[in-house]
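Structure first, commentary second.
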Ligand SMILES: [Zn+2]
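Numbering (our numbering), first residue to last: 4 to 264.
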């Protein structure tokens, strides 16, 4: 049994929450961390956690690569956090922009704005002792790591982690988690990362409704993919799948301070 530590349950594909969770359970996925990206998706995450309090937990976030989001949108999220911080298990997804900077002449300005916004959000995480789910791929990872340390944040996960091996090592040595998606089944870069990172520092996620390739091509994406990710980690670690699932679930419970169901 496993927890999907990063899923966008606000997607219309998951409009039938009971059916989504039932399907997940048939794949040994008993819990879902519902992340948000702005005030509207955050409200969805809160509603899902309210509707299924034993299997869905909400994080409130502000997506760093959604360049259309304004400072007023950030004010709305800060206000949501002020009201709901005791009902949520984390801040996420938040982080630094990366994909949206590609080909932009004002990339440096956007990155500076992203860092200022992340600083504001991490101050709130620190105030309410919330763990942080980071979107900080590739060249954004180092800056996000610096930000975590600057704010004294002790609990965080680099979601769908992608970074050079030495950066990953620094993240893991600092005590943070890195999270793995279904890409680990068919992408060498992810497989090499899993081989290097101790099981104690890994989490699994679907990032659904993201669509994957390989054996997932054409399949409906959902939290149910998380158990397949765990199974692949077990293969790479050459450990029994049940042990690895238990270990990964324990990691998720530790990060998000969940009570084991
Ligand atoms: Zn996501």
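Every residue, glycine too, gets a C-beta built ideally from N, C-alpha and C.
One Cα belongs to residue 259, the other to residue 110, and the distance between them is close to 33 Å. As the crow flies, the alpha-carbon of residue 131 is around 22 Å from that of residue 146. By the Cβ neighbour-count rule, residue 222 is exposed, with fewer than 16 other Cβ atoms within 10 Å of its own. Minimum Cα-Cα distance from residue 195 among the listed residues 242, 173, 218, 166 corresponds to 166. Membership of residue 72 in any alpha helix (DSSP H) is not indicated, and neither H nor E is assigned to it by DSSP. Residues of the same chain with a CB within less than 7 Å of the CB of residue 42, apart from the 5 flanking positions on each side, are 76, 79, 80, 83 in chain order. Spanning the alpha carbons of residue 228 and residue 71 requires a straight line of approximately 30 Å.
Residue 6 is bridged by DSSP to 34. In the DSSP annotation of this structure, residue 259 is not part of any beta strand (DSSP E); the continuous alpha helix (DSSP H) holding it starts and ends at 244–259. A straight-line Cα-Cα distance of about 7 Å links residue 203 and residue 254.
Taken from the Cβ of residue 193, every heavy atom of ligand 1 lies 8 Å or farther away. With 16 or more other CB atoms across the displayed protein chains lying within 10 angstroms of its CB, residue 61 is buried. From the listed residues 59, 33, 29, the smallest Cα separation to residue 12 is found for 59.
Distance from the CA atom of residue 151 to the CA atom of residue 190, rounded to whole angstroms, is 28 Å.
Per DSSP, residue 47 is one residue of the alpha helix (DSSP H) stretching across 42–54. Taking the Cα positions, residue 50 is about 13 Å away from residue 57.
With 16 or more other CB atoms across the displayed protein chains lying within 10 angstroms of its CB, residue 34 is buried. Cβ neighbours of residue 156 within its own chain (closer than 7 Å, five residues either side excluded): 125, 128, 129, 135.
Closest by C-alpha distance to residue 94, out of 28, 17, 45, is 45. At a Cβ-Cβ threshold of 9 Å, residue 6 and residue 239 do not count as neighbours.
The DSSP-derived three-state label of residue 160 is strand.
Rounded to whole angstroms, residue 225 and residue 212 show a C-alpha spacing of 6 Å. For residue 117, the enclosing alpha helix (DSSP H) starts and ends at 110–130.
Contact between residue 98 and residue 137 is confirmed by a C-beta separation of about 4 Å, below the 8 Å threshold. Per DSSP, residue 200 has no beta bridge partner at all.
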